[in-house]
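*Asks:* This is the structure, below, for whatever I ask next.
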C-alpha cells in the first residue's frame with residue numbers, strides 16, 4: 001500500500017517561500033528547483049567538463065527539499081545563514097523519516113553530496129544554484145536595489161560557486177555587465 005502522507009511531503013516544496021518575487025508573490029522553492037533544472041539542461045551543454053548529468057540533476061532536484069523543514073536562508077541574510085549547514089543536516093534527517101521510502105536514501109545521498117561539494121556534479125549544482133536567482137530577478141530591476149545587491153556583494157556571495165566552470169563565470173560576468181549598463185546594480 002502506498003503511504004499517501006509520505007507521498008505528499010515533497011509537495012510541500014510548493015509552499016516554501018523564497019525571497020525572490022514572481023509578480024506579486026514570492027517564488028516557491030518548487031519554482032526555483034524547476035527553473036534550476038531547466039537552466040542546468042542548458043548550461044551542462046556549454047561547459048567543458050564531462051558530468052553524470054542524471055546525478056547533477058538529482059542533486060539540483062533534491063538538495064533544497066530540506067527547506068521544507070528549515071526554510072530558505074536568503075544569500076544576503078548573514079544571520080539566517082549562520083549555522084545553516086548544521087540546521088539543514090538535522091532537518092534533512094527529520095525530513096527523511098517522512099519521505100516516501102522509495103526516494104529516502106537518494107535524497108539523503110544527494111543532500112550529503114551537495115553539502116560536501118567535492119564531486120563535479122555537486123560543483124555544477126552549486127553553480128546553477130548561484131546563477132538561477134540572478135536570472136530569476138534579471139528583469140525585476142527594483143529587486144536588486146531593494147535587497148541591497150551590489151556588484152561587489154554578488155561576486156562575494158556567488159562567484160566561488162561558479163568559478164570551477166570558466167564558461168559559467170563568463171555568463172556571470174555578462175549578466176553583471178548588462179545590469180550595470182542598465183543602471184540596475186551599483187558597483188559598490
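In my numbering, the protein residues as written are 1 to 188. Note that CB positions come from ideal geometry on N, CA and C, so glycine has one too.
Just the C-alpha distance for residue 188 and residue 159, rounded to the nearest angstrom, thanks.
*Replies:* The alpha-carbon atoms of residue 188 and residue 159 are separated by roughly 16 Å.
*Asks:* Does DSSP put residue 27 in a helix, in a strand, or in coil?
*Replies:* In this structure, residue 27 counts as strand in the three-state DSSP scheme.
*Asks:* For residue 157, which option in 61, 108, 23, 133 has the closest C-alpha, if you only look at C-alpha atoms?
*Replies:* Cα-wise, what sits closest to residue 157 is 133.
*Asks:* Work out the CA separation of residue 27 and residue 19 for me, nearest whole Å.
*Replies:* For residue 19 and residue 27, the distance between alpha carbons rounds to 7 Å.
*Asks:* Just to confirm the assignment, what range does the beta strand (DSSP E) spanning residue 83 have?
*Replies:* Looking at the DSSP string, residue 83 is not in any beta strand (DSSP E), and its letter there is neither H nor E.
*Asks:* Taking DSSP's pairing of strands, which residues face residue 17 in a bridge?
*Replies:* Beta-bridge pairing links residue 17 to 28.
*Asks:* Quick check on residue 150: does DSSP put it in helix, strand or coil?
*Replies:* In the structure shown, residue 150 sits in coil (DSSP, three-state: anything other than H, G, I, E or B).
*Asks:* Can you give, in chain order, each stretch of the alpha helix (DSSP H) that sits fully within the region 114-186 and has at least 4 residues?
*Replies:* Fully enclosed alpha helix (DSSP H) runs of 4 or longer: 120-136, 141-146, 151-162, 166-182.
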